[in-house]
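In what follows, a single structure is set out as structure tokens and then discussed.
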Amino acid sequence: MIASSAVPPAALDLLISQGFDATSVDELAAAAGISRSTFFRRFGSKENMVFADQEMIITHVQTTLAASSVDAISTLIDAAHVVFDQYTVNPEGAQLRHKLLSSVPSLRERELVSTHRYERAFYEFLSRRNLANTASEKSLCLGVSAGLVAIHNDHLRTWLKDSNSTDRSKLAHDVRLFLDRFADLLGEDNEQTTKTSPAPTVVVSVLDSGADEQSILQAVSAALSERNK
Numbered sequence: 001m002i003a004s005s006a007v008p009p010a011a012l013d014l015l016i017s018q019g020f021d022a023t024s025v026d027e028l029a030a031a032a033g034i035s036r037s038t039f040f041r042r043f044g045s046k047e048n049m050v051f052a053d054q055e056m057i058i059t060h061v062q063t064t065l066a067a068s069s070v071d072a073i074s075t076l077i078d079a080a081h082v083v084f085d086q087y088t089v090n091p092e093g094a095q096l097r098h099k100l101l102s103s104v105p106s107l108r109e110r111e112l113v114s115t116h117r118y119e120r121a122f123y124e125f126l127s128r129r130n131l132a133n134t135a136s137e138k139s140l141c142l143g144v145s146a147g148l149v150a151i152h153n154d155h156l157r158t159w160l161k162d163s164n165s166t167d168r169s170k171l172a173h174d175v176r177l178f179l180d181r182f183a184d185l186l187g188e189d190n191e192q193t194t195k196t197s198p199a200p201t202v203v204v205s206v207l208d209s210g211a212d213e214q215s216i217l218q219a220v221s222a223a224l225s226e227r228n229k
């Protein structure tokens, strides 16, 4: 889990009370207890400051997915926990950020971009696991990625309304329930088959054009025996 929030709650509170456009960088820097130059060096802009946590979480999700050696379903549940845990460990910041995004249309548009980035991270993980090789598998993996984000966001919105109404175990239950519907695609057996299926054996035998069936069988048998020595 990421231990602390990159976004100062006092700065978010100021954006809410004064308005996003009406609040200057100097005021945000003062609220955060840093200089103007440090603000720009750390965040770059007001909008980037609001989404600084998102950048950290997305990076953490990508690392979790890349480092995993367990099955796809367990890995995706772990990745969903990465996002959920980071929001719920900082209730004040999560509530302030949600309130701010609800009141500023341009920030909601940026939030939508972040949602697509999570979906992309999940899809690229499934693709690396060789689960999106065909056109149909690709479509299913895209759907799985979008569905996973939708379930997480639903739990997060529920938690924002009432922190006792859901938790990481309930999120894991619903994510697994969803992903189990795609067990044929995501299941461990499928991954093992993809990783360990032996390559087909090719045997070449040269015979006269008039060779009968028995001669062909004998030639193939001899070639296989020679190959296996």
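Residue numbering for the sequence shown follows UniProt numbering, starting at 1 and increasing by one per position.
Heads up, the beta-carbon is just placed ideally off N, CA and C, and yes, glycines get one too.
These figures come from a predicted structure and were not determined experimentally.
Item	Value
Whole-number beta carbon distance between Val61 and Val82, since they are thought to touch under 8 Å	5 Å
Member of Thr63, Leu185, Gln18 and Arg176 whose CA lies at the smallest distance from the CA of Leu142	Leu185
Counted within 10 angstroms of its Cβ, other Cβ atoms place Ala109 as buried (16 or more) or exposed	The sequence given here places Glu at residue 109; Ala does not occur at that position. Its Cβ having fewer than 16 others within 10 Å, Glu109 is exposed.
Unbroken alpha helix (DSSP H) run spanning Arg42, endpoints	Arg36 to Arg42
Segment limits, alpha helix (DSSP H) that includes Thr75	Ala72 to Thr88
Three-state class that DSSP yields for Ser106 in the structure shown	helix
Stretch pair the stretch 146 to 155 + the stretch 114 to 128: three plus CB contacts closer than 8 Å	yes
Residue closest to Val144, alpha-carbon to alpha-carbon, out of Asp13, Thr166, Ala121 and Ser163	Ala121
Own chain partners of Ser24 with C-beta closer than 6 Å, once the 5 adjacent residues on each side are dropped	none
Short Cβ contact (8 Å threshold) for Thr59 with Trp159	no
Own chain partners of Thr166 with C-beta closer than 6 Å, once the 5 adjacent residues on each side are dropped	His155, Thr158 and Trp159
Exposure label - Ala66; buried when at least 16 CB within 10 Å	exposed
The stretch 92 to 106 contacting the stretch 124 to 137, beta-carbon criterion three pairs below 8 Å	no
Length of the line joining the Cα atoms of Asp180 and Ile73	8 Å
Spatially closest choice to residue 272 from His173, Ser163 and Gly187, by CA coordinates	Within the shown structure, residues of the chain are numbered from 1 to 229, placing residue 272 beyond reach of any answer.
For Thr75 and Leu96, the rounded distance between their alpha carbons	30 Å
Closest Cα partner of Glu111 within the set Phe43, Arg176 and Asn48	Asn48
Local Cβ density within 10 Å of Glu119, reported as buried at 16 or more and exposed below that	buried
Proximity of Ala29 and Ala10 at Cβ, strictly below 8 Å	no
Collapsed DSSP secondary structure at Phe20 in the structure displayed	coil
Coil, strand or helix - Val7 by DSSP	coil
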